[in-house]
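In our numbering, the protein residues as written are 84 to 438. All C-beta atoms in this analysis are idealised placements derived from N, C-alpha and C, irrespective of residue type, glycine included. As the structure is a computational prediction, the values presented were derived from the model and not from experiment. First comes the structure, then the notes that go with it.
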């Protein structure tokens, strides 16, 4: 061995002259992009939670397991973007035992898929099963209601039944809510049942202040609208209606009849009021008495139907005087049957624009 080779061996003792290729370094960001199809931005956000992974073995096994459950590639992308640590879950000690337990307790097939898509914690937390049983019993084994509840409340399985859910249910019962009412609230209002008791009380009281009677048919609809809006936004909407000429009583009466009015944008309401008052000739009190008018499409219902009625009235073809709001409330089929088909030969320009 010549002097040069001895020198090289001393300076570089770890196989300096070996031709054996080095194993490529596992880069989680590249895996998320190339194997899962995440965008570079989403992959960059997820990568820090998976930085401890040294190879693709575990994420591959998790991915194949989820596919075996029936999740599509798109579902898995969404779950990993939301809960990256799902890819590092242990298959033998966590995912498979939890899935088997859920299956043996009746949470299988499409129901299991819905639950996993809603929150992958159902596969990674051992505390989930008794919580699922509570809600399954609460909804009387109605799978559709159960799915709706968890779709509306993605974190529901992560809340303690004893510490959070039962106290809130008892609070609602004290306000006169039946279990059916509570079920509707859980399915309809995002995160309502997991809020603090103080927040729930405030929302109920605010709904009552708007004129809704707790326990009435429209109360739950009113509560749904109120729960989705900040108090300041509701007060601004009340002020908007006051400026339009509605009295406090008229506004509250309108809300009780149709809570959806509270969720409409001011610009949307204003354009309809301009038409109803400026063209149709209704006064603010008449509109407040029939708030359903404000929920109809201006372009697809109010304007075209008024145009039809105006033509028929001008030509003296209507033997009966129809109230505007009654004509607006008819289905498309019924409106066409009463106001278009009988006169289409006499008035060819009649055009029915369907909603």
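Relative to the C-alpha of residue i, which residue among the options is closest?
| i | options | result |
| --- | --- | --- |
| residue 135 | 120, 211, 119 and 168 | 168 |
| residue 328 | 125, 385 and 370 | 370 |
| residue 130 | 263, 415 and 110 | 110 |
| residue 411 | 293, 380 and 428 | 380 |
| residue 377 | 361, 356 and 360 | 356 |
| residue 308 | 425, 142 and 342 | 342 |
| residue 220 | 133, 351, 188 and 150 | 188 |
| residue 326 | 278, 300, 349 and 312 | 349 |
| residue 139 | 114, 151, 149 and 160 | 114 |
| residue 218 | 149, 236 and 300 | 236 |
| residue 228 | 268, 313 and 208 | 268 |
| residue 302 | 149, 278 and 335 | 335 |
| residue 323 | 347, 300, 339 and 340 | 347 |
| residue 149 | 226, 339, 275 and 207 | 207 |
| residue 300 | 339, 141 and 277 | 339 |
Using 10 angstroms around the beta-carbon of residue i, count the other beta-carbons present and answer buried if the total reaches 16, otherwise exposed.
| i | result |
| --- | --- |
| residue 165 | exposed |
| residue 121 | buried |
| residue 320 | buried |
| residue 266 | buried |
| residue 409 | exposed |
| residue 290 | buried |
| residue 403 | exposed |
| residue 384 | buried |
| residue 420 | exposed |
| residue 304 | buried |
| residue 316 | exposed |
| residue 365 | buried |
| residue 126 | buried |
| residue 280 | exposed |
| residue 179 | exposed |
| residue 260 | buried |
Please confirm whether residue i and residue j have their CB atoms less than 8 Å apart.
| i | j | result |
| --- | --- | --- |
| residue 153 | residue 198 | no |
| residue 395 | residue 422 | yes |
| residue 230 | residue 194 | yes |
| residue 344 | residue 374 | yes |
| residue 295 | residue 363 | no |
| residue 242 | residue 202 | no |
| residue 205 | residue 249 | no |
| residue 185 | residue 162 | no |
| residue 252 | residue 310 | no |
| residue 430 | residue 398 | yes |
| residue 306 | residue 286 | yes |
| residue 200 | residue 244 | no |
| residue 171 | residue 133 | yes |
| residue 181 | residue 209 | yes |
Have a look at residue i and residue j and give me their C-alpha separation to the nearest angstrom.
| i | j | result |
| --- | --- | --- |
| residue 435 | residue 391 | With a pLDDT of 48 at residue 435, under the threshold of 50, the modelled position of this residue cannot be trusted; read the value that follows with caution. Taking the straight line from one Cα to the other gives about 8 Å. |
| residue 84 | residue 176 | Confidence is the limiting factor: at residue 84 the pLDDT is only 49, short of 50, which leaves the residue's position unreliable and the question unanswerable from this model. |
| residue 34 | residue 155 | Shown here, the chain extends from 84 to 438; a query on residue 34 therefore has no answer. |
| residue 387 | residue 432 | 12 Å |
| residue 118 | residue 173 | 19 Å |
| residue 223 | residue 298 | 22 Å |
| residue 246 | residue 353 | 46 Å |
| residue 232 | residue 401 | 49 Å |
| residue 270 | residue 263 | 11 Å |
| residue 123 | residue 333 | 54 Å |
| residue 258 | residue 288 | 10 Å |
| residue 425 | residue 414 | 17 Å |
| residue 331 | residue 293 | 9 Å |
| residue 337 | residue 190 | 44 Å |
| residue 312 | residue 234 | 20 Å |
| residue 183 | residue 416 | 51 Å |
| residue 447 | residue 359 | Any question about residue 447 goes unanswered here, given that the chain covers just 84 to 438. |
| residue 427 | residue 389 | 16 Å |
| residue 284 | residue 142 | 45 Å |
| residue 99 | residue 160 | For residue 99, the predicted model reports a pLDDT of 46, less than 50, meaning its position is unreliable; a value from the coordinates is still stated below. Their Cα atoms are separated by approximately 42 Å. |
| residue 314 | residue 275 | 16 Å |
| residue 277 | residue 137 | 38 Å |
| residue 112 | residue 147 | 19 Å |
| residue 318 | residue 361 | 26 Å |
| residue 405 | residue 382 | 21 Å |
| residue 216 | residue 225 | 12 Å |
Can residue i be considered in contact with the ligand FMN, in the sense that its beta carbon sits closer than 7 Å to one or more heavy atoms?
| i | result |
| --- | --- |
| residue 294 | You won't find the ligand FMN in this model; it holds no ligand whatsoever. |
Is there at least one Cβ from chain D nearer than 8 Å to residue i's Cβ?
| i | result |
| --- | --- |
| residue 259 | Of the protein chains in the structure, only one exists, and it is not chain D. |
Alpha helix (DSSP H) segments (min. 4 residues) lying fully within the stretch 242 to 294: As far as the stretch 242 to 294 is concerned, its whole alpha helix (DSSP H) runs of at least 4 residues are 249 to 257, 262 to 271 and 280 to 292.
Ordered list of beta strand (DSSP E) runs contained in the stretch 114 to 170, each at least 3 residues: Considered as a whole, the stretch 114 to 170 harbours no complete run of any beta strand (DSSP E) with no fewer than 3 residues.
Complete runs of the beta strand (DSSP E) confined to the stretch 296 to 356 [at least 3 residues]: Entirely contained in the stretch 296 to 356, not one beta strand (DSSP E) run reaches 3 residues.
Beta strand (DSSP E) runs contained entirely in the stretch 358 to 438, provided each spans 3 or more residues: The qualifying runs do not exist here; there are none.
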